[in-house]
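Q: Numbering (the numbering used here), first residue to last: 96 to 452. For each residue, glycine too, the CB sits at the ideal point set by N, CA and C.
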Ligand code: GLY
């Protein structure tokens with residue numbers, strides 16, 4: 096059973112993964128005139144005490160507070176972060192620690208990279224989704240109007256510290272959300288991961304989880320190392336996300352927010368349906384995939400009448416080019432192909448399939 100801490104490098108950025116690894120990461124927070132930590136109300140309550148317990152000698156010049164949730168990943172929150180950094184007289188020789196999930200690492204990374212033309216930041220992801228995906232790979236930014244991640248830039252963290260102990264702070268829904276992203280790696284590139292994920296429930300904290308997190312971190316690093324700016328291979332990571340992002344925005348606008356993982360799980364069912372009916376693809380047993388997702392995620396509730404709106408949202412996605420919808424499709428489990436142009440009718444059919452079956 097793999098339990099040893101792991102150090103993986105993505106170009107020059109160290110990624111430390113392990114139980115209690117934060118204790119060994121003290122050098123990554125040293126040498127700055129001021130250290131700030133960005134938290135939301137949840138990570139302030141549940142994760143900051145864990146952080147301070149492990150690293151009691153780190154003195155924060157200020158807590159930078161923001162509100163949790165995708166609906167707050169916007170220009171207003173960004174402006175509030177700049178306001179607080181200004182109030183505490185942060186400078187280019189300061190450090191911002193992003194303590195939280197994907198919203199915190201995306202928005203905190205962007206705030207740090209742009210404040211006074213750039214200060215250092217370290218990501219300490221506390222959600223499973225953040226640990227296996229969002230905190231890795233230099234994507235930073237915020238949503239703008241109804242467009243996800245519309246404003247942002249690629250900016251490297253100084254380090255990414257993945258301490259598995261933070262997963263104890265999550266509720267089951269958040270944990271499942273991260274599992275959806277892990278499943279994505281299994282589908283696109285990692286058959287052994289698919290085998291480990293096998294019959295286990297997606298809301299259990301056990302010793303296999305550590306092994307799975309390490310696999311996902313190294314899968315993501317493998318991809319980003321080859322294609323940081325998402326001109327090719329990185330698009331594989333969008334499996335389930337073309338439909339998933341549209342559904343996430345649809346439910347957010349309808350005031351019935353779903354987690355990112357719940358939306359991606361639905362998107363992966365649709366992308367698998369399209370893959371299974373795609374000529375030359377060998378995705379012969381899609382039932383295994385549907386069944387595995389359904390065992391862990393309830394189907395999202397919407398109706399055929401909502402399809403025009405969902406398709407409209409998909410058209411606005413960054414993955415849509417010249418009005419054409421681009422998908423990552425599965426050739427078979429562990430092997431996928433990015434950038435397949437899929438006609439709208441096939442996408443709509445997959446959504447109807449999702450509603451019917
Ligand atoms: N979350 C997808 C990516 O980092 O490219």
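Note the first and the last residue of the continuous beta strand (DSSP E) segment covering residue 131.
A: Numbered from its first residue, the chain shown carries residue 131 at position 36. From DSSP, the beta strand (DSSP E) with residue 131 extends over 129–134.
Q: Going by the CB atoms, is the gap between residue 256 and residue 431 shorter than 8 Å?
A: Sequence index remark: in the chain shown, residue 431 carries index 336 (1-based). Sequence index remark: in the chain shown, residue 256 carries index 161 (1-based). Against a cut-off of 8 Å, the Cβ pair of residue 256 and residue 431 comes out as no contact.
Q: Does the beta carbon of residue 414 fall short of 7 Å from some heavy atom of the ligand GLY?
A: The count along the chain shown starts at 1 and reaches residue 414 at position 319. Every heavy atom of the ligand GLY is 7 Å or more from the Cβ of residue 414, so no.
Q: Is residue 204 close to the ligand GLY? I mean its beta-carbon at under 7 Å from any heavy atom of the ligand.
A: In the chain shown, residue 204 corresponds to position 109, counting from 1. Because no heavy atom of the ligand GLY lies under 7 Å away, the Cβ of residue 204 does not count as near it: no.
Q: Note down the Cα distance separating residue 487 from residue 147, rounded to an integer number of angstroms.
A: Coverage of the chain is limited to positions 96 through 452, which leaves residue 487 absent and any answer about it impossible.
Q: I'd like the list of long-range same chain contacts for residue 441, defined as Cβ closer than 6 Å, with 5 residues on each side in sequence excluded.
A: What you label residue 441 is simply residue 346 of the chain shown in a count that begins at 1. Excluding positions up to five away in sequence, the list reads 369.
Q: Quick one, which of 215, 262, 206 and 357 has its alpha-carbon nearest residue 178's?
A: Within the chain shown, the letter at position 83 stands for residue 178. Per the Cα distances, 206.
Q: In the DSSP output, what is residue 296 paired with across the bridge?
A: Counting from 1 along the chain shown, the entry for residue 296 is found at position 201. Paired residue(s): none; residue 296 is not in a bridge.
Q: Three or more C-beta pairs under 8 Å: does that hold for the region 110–123 against the region 320–327?
A: No contact exists between the region 110–123 and the region 320–327.
Q: Helix, strand or coil for residue 96, going by three-state DSSP, please let me know.
A: Position 1 of the chain shown, counted from the first residue, corresponds to residue 96. For residue 96, the pLDDT reaches just 46, beneath the cut-off of 50, and the residue's location in the model is therefore unreliable, although a value from the coordinates is still provided. Note: residue 96 maps to coil in three-state DSSP.
Q: Which runs of the alpha helix (DSSP H) spanning at least 4 residues fall entirely within the region 337–408, listed in chain order?
A: Runs found: 355–371 and 381–391.
Q: Looking at the unbroken beta strand (DSSP E) that takes in residue 192, where does it start and where does it end?
A: Your numbering for residue 192 matches position 97 in the chain shown. Where residue 192 is concerned, the enclosing beta strand (DSSP E) stretches over 189–195.
Q: Which residue comes first and which comes last in the alpha helix (DSSP H) that contains residue 307?
A: Working through the chain shown from its first residue, we reach residue 307 at position 212. 302–321 is the extent of the alpha helix (DSSP H) around residue 307.
Q: Are the beta-carbon atoms of residue 329 and residue 316 separated by less than 8 Å?
A: By one-based count along the chain shown, residue 329 stands at place 234. By one-based count along the chain shown, residue 316 stands at place 221. No, the pair does not count as a contact, with Cβ atoms beyond the cut-off.
Q: Reducing DSSP to helix, strand and coil, say where residue 285 ends up.
A: For the purposes of this step, residue 285 is identified with residue 190 of the chain shown, where counting begins at 1. It is coil, neither helix nor strand.
Q: Keeping to the same chain, check which residues put their C-beta closer than 8 Å to that of residue 410; ignore five residues upstream and five downstream.
A: For the purposes of this step, residue 410 is taken as the residue at position 315 of the chain shown. Taken in chain order, the residues that qualify are 418 and 420.
Q: Does the beta-carbon of residue 395 have 16 or more other beta-carbons within 10 angstroms, so that it is buried, or is it exposed?
A: On the chain shown, position 300 is the one that residue 395 refers to. That one is buried.
Q: Check residue 416 in the structure and name its three-state DSSP category.
A: For this step, residue 416 is matched to residue 321 along the chain shown. Residue state, collapsed to three classes: strand.
Q: Give me the Cβ distance between residue 376 and residue 426, rounded to the nearest whole Å; I'm assuming they're in contact under 8 Å.
A: Here residue 376 refers to the residue found at position 281 when the chain shown is read from its first residue. Here residue 426 refers to the residue found at position 331 when the chain shown is read from its first residue. So it is a contact: roughly 5 Å between Cβ atoms.
Q: Give the DSSP-derived three-state secondary structure of residue 141 in the structure shown.
A: Translated into positions along the chain shown, residue 141 becomes position 46. Helix, per DSSP.
Q: Who are the Cβ neighbours of residue 364 in its own chain at under 7 Å, not counting the five residues just before and after it?
A: Here residue 364 is taken as the residue at index 269 of the chain shown, counted from 1. Only 385, 388 and 449 meet the Cβ criterion.
Q: Confirm the yes/no value for this check: CB of residue 229, any heavy atom of the ligand GLY, distance under 7 Å.
A: Here the question's residue 229 lines up with position 134 in the chain shown. It does: the Cβ of residue 229 is within 7 Å (strictly closer) of some heavy atom of the ligand GLY.
Q: First and last residue of the alpha helix (DSSP H) that includes residue 329?
A: Here residue 329 is taken as the residue at index 234 of the chain shown, counted from 1. Note, residue 329: premise wrong, no alpha helix (DSSP H); not H, not E.
Q: How is residue 209 classed by DSSP in three states: helix, strand or coil?
A: For this step, residue 209 is matched to residue 114 along the chain shown. Three-state result, residue 209: helix.
Q: Work out the CA separation of residue 145 and residue 151 for me, nearest whole Å.
A: The sequence position of residue 151 within the chain shown is 56, counting from 1. The sequence position of residue 145 within the chain shown is 50, counting from 1. When rounded, the distance between both Cα atoms is 10 Å.
Q: So, helix, strand or coil for residue 228, using DSSP?
A: As a first step, residue 228 must be located in the chain shown, where it is residue number 133. Residue 228: helix per DSSP, three-state reduction.
Q: Three Cβ pairs or more, each shorter than 8 Å: is that satisfied between the region 229–244 and the region 258–267?
A: These segments do not touch.
Q: Which residue comes first and which comes last in the alpha helix (DSSP H) that contains residue 123?
A: One-based indexing of the chain shown puts residue 123 at position 28. Run containing residue 123: none; DSSP gives neither H nor E here.
Q: The beta strand (DSSP E) spanning residue 234 covers which residue range?
A: Within the chain shown, numbered from 1, the residue matching residue 234 stands at position 139. Counting along the chain, the beta strand (DSSP E) containing residue 234 begins and ends at 234–239.
Q: Give me the Cβ distance between residue 231 and residue 132, rounded to the nearest whole Å; I'm assuming they're in contact under 8 Å.
A: Within the chain shown, the letter at position 136 stands for residue 231. Within the chain shown, the letter at position 37 stands for residue 132. With a Cβ gap of about 20 Å, residue 231 and residue 132 do not count as contacting.
Q: DSSP three-state call for residue 106: helix, strand or coil?
A: The residue you call residue 106 lines up with position 11 of the chain shown. Three-state result, residue 106: coil.
Q: Grab the span of the beta strand (DSSP E) containing residue 216 for me, first residue to last.
A: Your numbering for residue 216 matches position 121 in the chain shown. Residues 215–220.
Q: Where do the ends of the alpha helix (DSSP H) carrying residue 448 lie?
A: If you number the chain shown from 1, residue 448 lands on position 353. Counting along the chain, the alpha helix (DSSP H) containing residue 448 begins and ends at 439–451.
Q: If you drop the 5 nearest sequence neighbours on each side, which residues of the same chain put their C-beta closer than 8 Å to that of residue 300?
A: Translated into positions along the chain shown, residue 300 becomes position 205. Closer than 8 Å at Cβ, skipping near neighbours: 262, 263 and 270.
Q: Would you decide whether residue 106 is buried or exposed? Buried here means 16 or more other CB atoms lie within 10 Å of its CB.
A: Counting from one through the chain shown, the residue named residue 106 turns up at place 11. By the 10 Å Cβ count, residue 106 comes out exposed.
Q: In the DSSP output, which residue or residues are listed as bridge partners for residue 432?
A: What you label residue 432 is simply residue 337 of the chain shown in a count that begins at 1. 424.
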